[in-house]
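Sequential numbering from 14 applies to the sequence shown in my numbering. By construction, the Cβ of each residue, glycine as well, lies at the ideal position given by its N, Cα and C atoms. Note that the structure is predicted; figures quoted are calculated from it, not measured.
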Amino acid sequence: VELDDEYAIAHPGIATGPYVMVAVSDTGCGMTPEATDHLFEPFLTTEETGLGLGLATVHRIVQQSGGHLDVCSEVGRGTTFRIYLPRVDETEESPQDGDNVVVHTRGQETILVVEDQHQVRKLVARMLRGLGYTVLEAGRVQDVPPLFRTTGGPIDLVLADVVMPEMSGPDLVAKLRELDQGFRVLYMSGYTDDMTRRHGVVGPEVTVVSKPFTVEKLAKVVREVLDGANGKGAGKAEE
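Here's what the structure looks like:
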């Protein structure tokens, strides 16, 4: 699709030009204009349970990609989401043998991944195992302390989501420090720096890797935390 000047004027911050549009519709109860005005705010949800984090994450990813997310909803008729992503016509040349070979930084340490979203946790764990690490997984905060007591060896790194239903990542780390002082810490988050700060992720010794991330980014940051000065409580934001 082509977004013209008229569309750009109606949607400030959107550049004109060619886009790829993906539309997703439902025939549910729909939303009022007041609800759609606040739809992408973190922790807003129309369900009885849940954090209401999914749409805020989608919105941020689309924005980071230079795109735009539009919503059309009518009470009693349903909702349509339209995702516009800038169209790229160039094709990447296939690298020749020996050219642009990516060598992932590997390791053999034990890493505990704490993430309440099942699919995200499994993906991150698979990335880390592919890099040679021994990986433990916890989807609930209450499952973490028993892992520290029964794992049979040291846990070198705790990779924890910042925002979780039962407890924030920093609060969990503070409790784990009562069991073990030796592990390093890396946080992951799909939210803005301001949001992570509000959940206690502050200070020069705190490292945060922003979702979504590639295996290259994860490999690099994990190695930096394990080998460097950061991670004792653990910095800097990795975009």
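Return the CA-CA distance between residue i and residue j, expressed in angstroms with no decimal places.
| i | j | result |
| --- | --- | --- |
| G143 | E218 | 27 Å |
| R153 | F226 | 22 Å |
| V88 | V71 | 23 Å |
| G182 | V14 | 41 Å |
| M201 | M177 | 11 Å |
| P167 | L149 | 12 Å |
| D156 | H131 | 14 Å |
| I22 | A28 | 10 Å |
| V127 | A187 | 14 Å |
| D174 | D129 | 8 Å |
| L52 | Y20 | 21 Å |
| V228 | L136 | 10 Å |
| K249 | G79 | For K249, the predicted model reports a pLDDT of 37, less than 50, meaning its position is unreliable and no value from the coordinates is stated. |
| V133 | L125 | 14 Å |
| T45 | G165 | 54 Å |
| R190 | A138 | 23 Å |
| E47 | L98 | 26 Å |
Take residue i and list the residues in its own chain whose beta-carbon comes closer than 7 Å to its own, dropping the five residues that flank it on each side.
| i | result |
| --- | --- |
| R90 | G43 |
| V234 | L199, T220, V222 and E251 |
Using alpha carbons as the reference points, say which of the options lies closest to residue i.
| i | options | result |
| --- | --- | --- |
| R95 | V101, V88, V84 and D18 | V84 |
| Y32 | F196, R100, Q130 and R236 | R100 |
| D50 | L68, I124 and G41 | L68 |
| R197 | V171, K188 and V175 | V171 |
| G41 | L52, S86 and A48 | S86 |
| Q194 | D169, E179, K224 and M180 | D169 |
| A36 | T93, A48, P25 and G30 | T93 |
Within its chain, find whatever has a CB closer than 6 Å to the CB of residue i; leave out the 5 residues flanking it on each side and keep chain order.
| i | result |
| --- | --- |
| L231 | M140 |
| L82 | H72, V75 and I96 |
| T123 | T147, I168 and D169 |
| E179 | V154 |
| G203 | T70 and K224 |
Taking 8 Å as the limit between beta carbons, can you name the residues of its chain near residue i, skipping five residues before and five after?
| i | result |
| --- | --- |
| D240 | none |
| G120 | L144, G145, Y146, V235, R236 and L239 |
| S38 | G91, T92, T93 and F94 |
Between residue i and residue j, which are expected to be in contact by the criterion C-beta below 8 Å, what is the C-beta distance as a whole number of angstroms?
| i | j | result |
| --- | --- | --- |
| L192 | P158 | 6 Å |
| G30 | L16 | 6 Å |
Is the Cβ of residue i closer than 9 Å to any Cβ of chain D?
| i | result |
| --- | --- |
| Q194 | Chain labels in this structure do not include chain D; a single protein chain is all it has. |
Could you tell me which uninterrupted alpha helix (DSSP H) segments, each at least 4 residues in length, are contained entirely in the stretch 170-239, listed from first to last along the chain?
182-189 and 206-211
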